[in-house]
DNA sequence: AAAAGTACTATGTATGACCAAGTACCTTAT
DNA sequence: ATAAGGTACTTGGTCATACATAGTACTTTT
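Residue numbers (our numbering), protein chains in the order written: chain Z, 390 to 499; chain B, 390 to 499.
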């Protein structure tokens, strides 16, 4: 039981929310997301992001189209499906509630 | 992949933080915590809380003493060890960072 | 004594982040 | 042309943890 491990646990689920949110703002491919997540100190590695995208796609929340690139292999550009949009709305509420709940508890210091 | 499942994932890790925080405010036993967590809509059940407390105790973050009860079997009253206090401090920072990171991303709506 | 309630324990399942390689395709350098 | 390097994505495996479910042990109430 170390701190790093718990930090990983804290990120779970939140990551999914953040990724859906990034995609909701317009077409992006994996490296775009990785860049934004890293910039926000939401440390994520390839091995986490790609499987997550596949999972979300298989669940019908995302879809993608292949786009040729000038500097390398083609890329998968992701967008949200309607189902994905609804799901994201639900997650937004959950997240807000969670933050509030945590505040309620951690502000209870005597 | 349903919403409820993702909500569970979001709670993971945060729960540990909240529990440590509750204990940091003074001696409590499991039902006290359950009550406060439920009041904060941080839905938790016995089967989640007890193993978690045992895990934290085995990791050296918590200690307990048995206290007789007037209405039932004796109770384990928990307190934080020094190690637990340090751990909680680390978690506080992590949590604040996570909330900030998420804000950074979800406020980026164009 | 039996029933009901409280506090805690033990076992098993499912999910998802991360790791570590590996594949495939593209561009650039020699 | 061919080799080297980079980019984009895949795959298989491990580990931690929330939750479900069932069970133990002790207490008070009827």
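Note that beta-carbon positions come from the ideal geometry of N, C-alpha and C, so glycine has one too.
Given the structure is predicted, the values throughout are model-derived calculations rather than measurements.
- Interface residue (Cβ-Cβ distance to chain B less than 8 angstroms): residue 490 of chain Z is classified as such.
- For residue 444 of chain Z, the enclosing alpha helix (DSSP H) covers residues 435-447.
- In this structure, residue 412 of chain Z and residue 468 of chain Z form a Cβ contact; the two beta carbons are roughly 7 angstroms apart against a cut-off of 8 angstroms.
- CA-CA distance, residue 430 of chain B to residue 490 of chain Z, rounds to 6 angstroms.
- Annotated three-state conformation of residue 464 of chain Z is strand, per DSSP.
- With 16 or more other CB atoms across the displayed protein chains lying within 10 angstroms of its CB, residue 399 of chain B is buried.
- Looking from the CA of residue 406 of chain Z, the closest CA among B:444, B:416, B:395 belongs to B:395.
- With a cutoff of 8 angstroms on beta-carbon distance, residue 479 of chain B and residue 426 of chain Z are scored as not near each other.
- Within the segment 439-467 of chain Z, the residues whose Cβ lies closer than 9 angstroms to any Cβ of chain B are, in chain order, 444, 445, 447, 448, 449, 450.
- Under the DSSP assignment, residue 451 of chain Z falls in the beta strand (DSSP E) whose first and last residues are 451-456.
- Listed by position along chain B, the residues whose Cβ is nearer than 7 angstroms to that of residue 429 of chain Z are 490, 493, 494.
- Rounded to the nearest whole angstrom, the CA to CA distance from residue 419 of chain Z to residue 466 of chain Z is 8 angstroms.
- Counting along the chain, the unbroken alpha helix (DSSP H) around residue 395 of chain Z starts and ends at 392-400.
- For residue 421 of chain B, not one C-beta of chain Z is nearer than 8 angstroms to its own C-beta.
- C-alpha of residue 404 of chain B to C-alpha of residue 477 of chain B: approximately 12 angstroms in a straight line.
- With a threshold of 8 angstroms between beta carbons, residue 474 of chain Z makes no contact with chain B.
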